[in-house]
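Everything on this sheet refers to the single structure shown next.
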Amino acid sequence: MENRMDDFKLDRDTPVPLYYQLKQYLIGQIRGGKLKVGDMLPTEFDLCEKFGVSRPTVRQAMSEMVAEGYLYRHKGRGTFVSKPKLEGRFFQKLQSYNVEMTQKGLEPATEVLNLKMVEDAEDACVHLGLEPQSKCILLERLRFADGEPMVYLETFMPYDRFGELLEVDFSTLNLYQELEERFHIKIYRARRVLEAIAANEVEAKLLQIKEGEPICYVTTVAYTKDEIAVEYSRARYRGDRNKFSIDLYTE
């Protein structure tokens with residue numbers, strides 16, 4: 001690491017804060033492949049000595065990089081380069097998980113944990129516009145990228161309308177494609193809500209994280225062009241391996 005930073009100097013004649021210059025330099029080292037996943041960074045003291053800055057300056061740069069997912073701290077050992085988070089754009093486009101992962105150069109996989117009829121999904125009934133205690137299909141899946149669990153997903157659909165989906169192998173087949181081919185139903189739009197929550201024991205075990213770690217909890221209601229709700233889902237994305245981007249326009 002020392003040799004990689006020999007030619008870099010912070011610019012003290014610019015209004016750009018020193019911590020930000022250091023942060024951007026380190027990010028550039030990571031993106032450029034000079035700092036690789038698992039590499040340990042020098043200590044705060046060593047970085048202070050190298051760049052001639054105060055410890056608070058170094059600490060702010062590294063703390064922001066930890067918060068943004070570039071680095072992680074291991075108590076008693078040091079600070080290391082993290083695996084890059086997967087950037088999802090599913091708030092802008094309805095796209096197959098497998099397609100999105102493949103486009104990122106990753107190998108997707110799905111494990112079906114449960115596929116059954118349930119009668120106690122009151123929350124799902126509300127979102128699907130059904131009477132309380134109505135029969136619903138529950139499709140419970142764990143989705144992977146390159147063998148690593150990324151999202152735990154529960155999907156509910158009206159049983160009376162889509163009962164034959166209980167026969168489908170969703171470890172290999174796509175839900176929306178099955179809706180089109182079997183029922184001639186196409187999803188036209190979806191409403192998604194995201195919030196941060198702490199993983200419970202079950203979620204932590206499935207996602208291979210520690211209980212209490214942050215996860216992104218996303219609910220989705222999918223509609224046909226006639227504004228009929230046909231799918232309600234609850235997804236838990238690993239907070240340490242996922243991030244989401246949204247493009248906004250003034251008009």
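Counting in UniProt numbering, the sequence shown runs from 1 upward without gaps. Every residue gets a Cβ at the ideal spot worked out from N, C-alpha and C, and that includes glycine.
Let me confirm a value: F45 is counted as buried when at least 16 other C-beta atoms fall within 10 Å, else exposed. Which label applies?
By 1-based counting over the sequence shown, the position of residue 45 is 45. F45 should be labelled exposed.
Taking E201 and E211 to be in contact with their CB atoms under 8 Å, please state how far apart those CB atoms are, rounded to whole angstroms.
For the purposes of this step, residue 201 is identified with residue 201 of the sequence shown, where counting begins at 1. For the purposes of this step, residue 211 is identified with residue 211 of the sequence shown, where counting begins at 1. About 5 Å separates the two Cβ atoms, so the contact holds.
Are the region 102-117 and the region 163-171 in contact at 8 Å, needing three or more beta carbon pairs?
Counting C-beta pairs closer than 8 Å gives three or more between the region 102-117 and the region 163-171, which meets the contact rule.
Would you kindly report the start and end of the unbroken beta strand (DSSP E) that includes I215?
As a working mapping, residue 215 is identified with position 215 in the sequence shown. That run of the beta strand (DSSP E) goes 214-223.
According to DSSP, is S233 helix, strand or coil?
The residue you call residue 233 lines up with position 233 of the sequence shown. DSSP places S233 in strand when its eight states are reduced to three.
Please classify Y152 as buried or exposed, where buried requires at least 16 neighbouring CB atoms within 10 angstroms.
On the sequence shown, position 152 is the one that residue 152 refers to. Looking at its Cβ environment, which holds 16 or more other Cβ atoms inside 10 Å, Y152 is buried.
According to the Cβ coordinates, are I197 and Y217 closer than 8 Å?
Counted from its first residue, the sequence shown places residue 197 at position 197. Counted from its first residue, the sequence shown places residue 217 at position 217. A contact, by the Cβ cut-off of 8 Å.
Along the chain, which unbroken stretches of the alpha helix (DSSP H) at least 4 residues long are found entirely within the UniProt domain "HTH gntR-type" (16-84)?
Scanning the UniProt domain "HTH gntR-type" (16-84) for uninterrupted alpha helix (DSSP H) segments of 4 residues or longer gives 18-31, 44-51, 55-67, listed from N- to C-terminal end.
Less than 7 Å between C-beta atoms, sequence neighbours within five positions excluded: which residues of the same chain meet that for L138?
As a first step, residue 138 is located in the sequence shown; it is residue number 138 there, counting from the start. Cβ neighbours of L138 beyond the five flanking positions: N114, K116, V118, A121, E154, F156.
Could you tell me the distance, in whole angstroms, from the CA atom of I27 to the CA atom of Q208?
Residue mapping note: residue 27 aligns to position 27 of the sequence shown, counting from 1. Residue mapping note: residue 208 aligns to position 208 of the sequence shown, counting from 1. If you take the alpha carbons of I27 and Q208, they lie about 27 Å apart.
Taking 7 Å as the limit between beta carbons, can you name the residues of its chain near R73, skipping five residues before and five after?
Working through the sequence shown from its first residue, we reach residue 73 at position 73. Counting only Cβ-Cβ distances below 7 Å, and skipping sequence neighbours, we find V66, T79.
In angstroms, rounded to a whole number, what distance separates the CA positions of L165 and E195?
Working through the sequence shown from its first residue, we reach residue 165 at position 165. Working through the sequence shown from its first residue, we reach residue 195 at position 195. Distance between the alpha carbons of L165 and E195 is about 30 Å.
In terms of residues, what are the limits of the alpha helix (DSSP H) holding E195?
The residue labelled residue 195 in the question sits at position 195 within the sequence shown. Counting along the chain, E195 sits inside no alpha helix (DSSP H); it lies in the beta strand (DSSP E) bounded by residues 189-198.
Extract the residue ranges of the beta strand (DSSP E) inside the region 87-156, only unbroken runs of 3 or more that lie entirely within it.
Counting only runs of 3 or more, we get 108-118, 136-145.
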